[in-house]
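Read the structure below first, then the notes.
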Amino acid sequence: MTAATTERVVIPVSGMTCAACQSRVQRTLARTPGVVDASVNLMMANASVEYDPSAVDTPALVETIRGTGYGAEMPVAERSAFEEQSARDEAQQSEYKELRTKAIATGVVGAVMMAVSMFAMPAQMDEGHMGAMPVVMAAVTLIVMAWAGRHFYTRAWAAFTHRAADMNTLVAIGTGSAFLYSLYAALRPSAFTARGLSPDLYFEAVVVIIALILTGNAFEARAKRETSSSLRALADLQARTARVIRHTGDADSEEDVPVEQVRRDDTVVVRPGERVPVDGEVISGESAVDESMLTGESRPVAKAAGDRVTGGTINRTGALRYRATTLGADSTLAQIVRLMRDAQGSRAPIQNLADRVSGVFVPVVISIAIATFVIWFLAGDASGAVAPTIPAFAAAVAVLIIACPCAMGLAVPTAVMVSTGRGAELGVLIKGGAPLQSLAEATVIALDKTGTVTEGRPTVTDVEVAAGTALDEGELLALMASVETRSEHPIADGIVRRARADGLELQEPTDFEAFGGRGVSGTVRGRHVLAGNATLMRERGIDVALLENAADALASRGRTPMYLAVDERLAAVVAVADPIRETSRAAIARLREMGLSVVMLTGDDERTARAIATEAGLDDVIAGVLPEGKVEEIRKLQQGGRVVAMVGDGVNDAAAMAQSIGIAMGGGTDVAIEAADVVLMRSDLHGAADAVQLARRTMRTMKQNLFWAFVYNVIGIPIAAGALYPMFGLRLSPMIASGAMAFSSVSVVANSLRLRHARVRQGEKSQ
0 MTAATTERVV IPVSGMTCAA CQSRVQRTLA RTPGVVDASV NLMMANASVE YDPSAVDTPA
60 LVETIRGTGY GAEMPVAERS AFEEQSARDE AQQSEYKELR TKAIATGVVG AVMMAVSMFA
120 MPAQMDEGHM GAMPVVMAAV TLIVMAWAGR HFYTRAWAAF THRAADMNTL VAIGTGSAFL
180 YSLYAALRPS AFTARGLSPD LYFEAVVVII ALILTGNAFE ARAKRETSSS LRALADLQAR
240 TARVIRHTGD ADSEEDVPVE QVRRDDTVVV RPGERVPVDG EVISGESAVD ESMLTGESRP
300 VAKAAGDRVT GGTINRTGAL RYRATTLGAD STLAQIVRLM RDAQGSRAPI QNLADRVSGV
360 FVPVVISIAI ATFVIWFLAG DASGAVAPTI PAFAAAVAVL IIACPCAMGL AVPTAVMVST
420 GRGAELGVLI KGGAPLQSLA EATVIALDKT GTVTEGRPTV TDVEVAAGTA LDEGELLALM
480 ASVETRSEHP IADGIVRRAR ADGLELQEPT DFEAFGGRGV SGTVRGRHVL AGNATLMRER
540 GIDVALLENA ADALASRGRT PMYLAVDERL AAVVAVADPI RETSRAAIAR LREMGLSVVM
600 LTGDDERTAR AIATEAGLDD VIAGVLPEGK VEEIRKLQQG GRVVAMVGDG VNDAAAMAQS
660 IGIAMGGGTD VAIEAADVVL MRSDLHGAAD AVQLARRTMR TMKQNLFWAF VYNVIGIPIA
720 AGALYPMFGL RLSPMIASGA MAFSSVSVVA NSLRLRHARV RQGEKSQ
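Start counting the sequence shown at 0; every next residue gets the next number (numbering that gives the first Met the number 0).
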């Protein structure tokens, strides 16, 4: 089965509350015939499923999820990325408000009940009769359980009916058993007093436990909403209206229309201080446009006729008129929002550990709680304790309440969400958790030369005509530029631009043929034209000895020599210079300071590559490599367990980027960007360093989250079970356990949120 035969769908899933829920849905989907890959995200409350449409369809997948006991809805195909984000925001806000209301109301009730139990309840029983107050408290507790805590019990029952268990199971068993125990004590106090036991009641404890868990859930919901703040900010960049020029009768008029009504090729007017509504190409006017929200570049970018503008950016100085190009779902902003949404819903491999543990976590905790009750009951009975049932019961409930699979389920997704959002703010689009983790482990960075280390806009600097050639420099350049019009290589673009600047007439070539990484050929004005490097010339039997010394001299000065043969005879060598970017040297030095080995991988001539590398501060150069050879060179770099990231911007880099961790420069080709794991929205190698640094910080955060999620349970469960009592006489009450459980999830999300303020470009040597 190939990627072309599969489809991917994102299905909203409701009712998941912890890692056990997430793991159960994912395992079920993964076992479904026809499913190639399934990724369930607790934070995003969805399931991303890649499937074979000939074996299973979306409605069947929805029913499969529902069969696990959780809610699932058919995705709304016609909704845009902006509408999806808006709907998610509304749902998250509604969830937070509901939890907050229930937490406050339940907390107030719990406080009143605690005061009543301490001051209003009779100090002593009157002949085994406890009065009406316990019955009233039981009724109030039942109302709280049915209203504020209803979802704990309904979800626990749904899990039970599907032979599973999750966090709701622990809360439901803990509070439910405490309520039933207290209800029995309230209705039959004589059954306790006859045995010399005190009929202790836990009604107020049940209410306070529910209040504390709801408070934790509310804080968690609020914090989770903050993790998608960057995605929300991007979605908010979408302008609501656009000013377009409409033809009415014999005159043109400006008209404000909803941005959805803008059509391709409409002329759009944007004034100083306004947000650019849609993507387009400037027709007239000059201005400086603030693109920082998309590229991370703080300086406004000058725009004039022929330049592209992107929807969501801000026009700062002059007025612009431009032609609308890509609209709706195809716009740059919509694609970024969609990419970020998909990235935030993806999984990092490190999450597999939490999934494996969560799969058995709840049954193990229930077993520990039962063992705790039995051990303390037997120990208390053997020691002659008056009421061994009470401490044994309290310890078992504390174990159930303190155990928290939520933190394990949130440890990795929250970090991925915040990190990808922070990356977008820096102009770095990371396509998911797996690339994020791989990038953090990178040890080698391979850099393409043209358009990566250099500006990617080569210009012709020299034209050396071979002796005996009948054509002059202008005619030769016109022939060469004509055949290069069909090439996508930056060097070809430089030659074409020079010819047009000189006013030369170019013609469409026939019999065009491209030789990957070596050059092109074609027929122009009845002449066969061959343009390329020395390797291509030798392959075609063209002797370059006449101009070889001139080419070597040009290459030693950092220029790329391109030979030109006309009608199978060497005619000229054309030198093209592509200056290095202003920031390349500093960015490469920064990458090396971070402990990365940096190597330049290029198809260019050895002398030219060495000259550029020296200027950029690079020592390691692999030159003269064809596109297919780049893949093999990447494999060599990967030997010995080294993790390689490849930074490039062209079609020639796509295969090598697919073999490694691909990092595409934002000005690159669509093929390179599609093959990449990371996209840099600005053409600056500092973006690659930003990506690695952010990835390393994210991995540290993930590991911290997982460590504390596991350690919290490893330490908390034994304490709740009474491990400290023999030596220190300390027991953990169920109410304190509930507060600790709520804190664990909030702390994991809060730790991930620190990535929102992660600083980069600090030149960290070790991370």
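For every residue, glycine included, the Cβ atom is placed at its ideal position computed from N, Cα and C.
Distance from the Cα of E253 is smallest, within the candidate group S743, T468, R270, for R270. In the three-state reduction of the DSSP assignment, S751 falls in the helix class. Sequence-distant Cβ neighbours of D289 in its own chain, meaning closer than 7 Å and more than five residues away, are P299, T312, I313, R315.
For V643, the three-state secondary structure derived from DSSP is strand. In the DSSP assignment, A287 forms a beta bridge with A301. In the structure shown, the three-state DSSP call for N351 is helix. The Cβ atoms of I587 and G616 lie closer than 8 Å to each other. Straight across, the Cα-Cα distance linking T582 with G493 is about 22 Å. Taking a contact as a CB-CB distance under 8 Å, the pair E454 and R580 counts as one, their CB atoms being some 6 Å apart. Residue range 509-514 is occupied by the beta strand (DSSP E) that includes E512. The region 697-706 makes no contact with the region 365-377: fewer than 3 CB pairs, one atom from each, lie closer than 8 Å. If you look at R7, you'll find it in the beta strand (DSSP E) that goes 6-13. The C-alpha of A644 lies about 46 Å from the C-alpha of I718.
If you look at E581, you'll find it isn't in any beta strand (DSSP E); DSSP assigns it neither H nor E. With distances taken between CA atoms, A71 lies nearest to I10 out of Q25, S116, M113, I10. The region 553-570 and the region 601-611 touch, with three or more beta-carbon pairs separated by less than 8 Å.
Spatial neighbours of M734 in its own chain (CB-CB distance under 8 Å, excluding positions within 5 residues in sequence) are listed in chain order as A204, V207, I208, L211. At a Cβ-Cβ threshold of 8 Å, G515 and G531 do not count as neighbours.
For M112, the closest C-alpha among the options Y201, A749, E97, A18 is that of Y201. Annotated three-state conformation of L595 is coil, per DSSP. A distance below 8 Å separates the beta carbons of R224 and Q92. Sequence-distant partners of A238 (beyond 5 residues in either direction) whose C-beta falls short of 6 Å from its own C-beta, in its chain, are V258, R274, P276. For the options D306, R307, L293, G379, the alpha carbon positioned closest to that of M339 is the one of L293.
The C-alpha of D566 lies about 5 Å from the C-alpha of H527. In this structure S283 is exposed. Its beta-carbon is surrounded by fewer than 16 other beta-carbon atoms within 10 angstroms. Listed in chain order, the non-local C-beta contacts of R591 below 6 Å within the same chain comprise V597, local neighbours out to five positions each way being set aside. At the C-beta level, T331 and D648 stay beyond 8 Å of one another. With respect to G661, S682 sits apart: the two C-beta atoms are not nearer than 8 Å. Classified as buried, R497 has 16 or more neighbouring CB atoms from the shown chains inside 10 Å of its CB. In the three-state reduction of the DSSP assignment, S737 falls in the helix class, which pools H, G and I.
When rounded, the separation of the alpha-carbon atoms in T27 and T63 is 8 Å.
Judged by pairs of C-beta atoms under 8 Å, the region 372-381 does not touch the region 421-436, as fewer than three such pairs exist. Sequence-distant partners of A44 (beyond 5 residues in either direction) whose C-beta falls short of 6 Å from its own C-beta, in its chain, are V12. Within its own chain, the residues whose Cβ lies closer than 7 Å to the Cβ of T5, once the five positions on either side in sequence are excluded, are V35, E49, Y50, D51, listed in chain order. Restricting attention to A622, G426, R696, L535, the CA atom closest to the CA of S437 is found in R696. Secondary structure at G358: helix, using DSSP grouped into helix, strand and coil.
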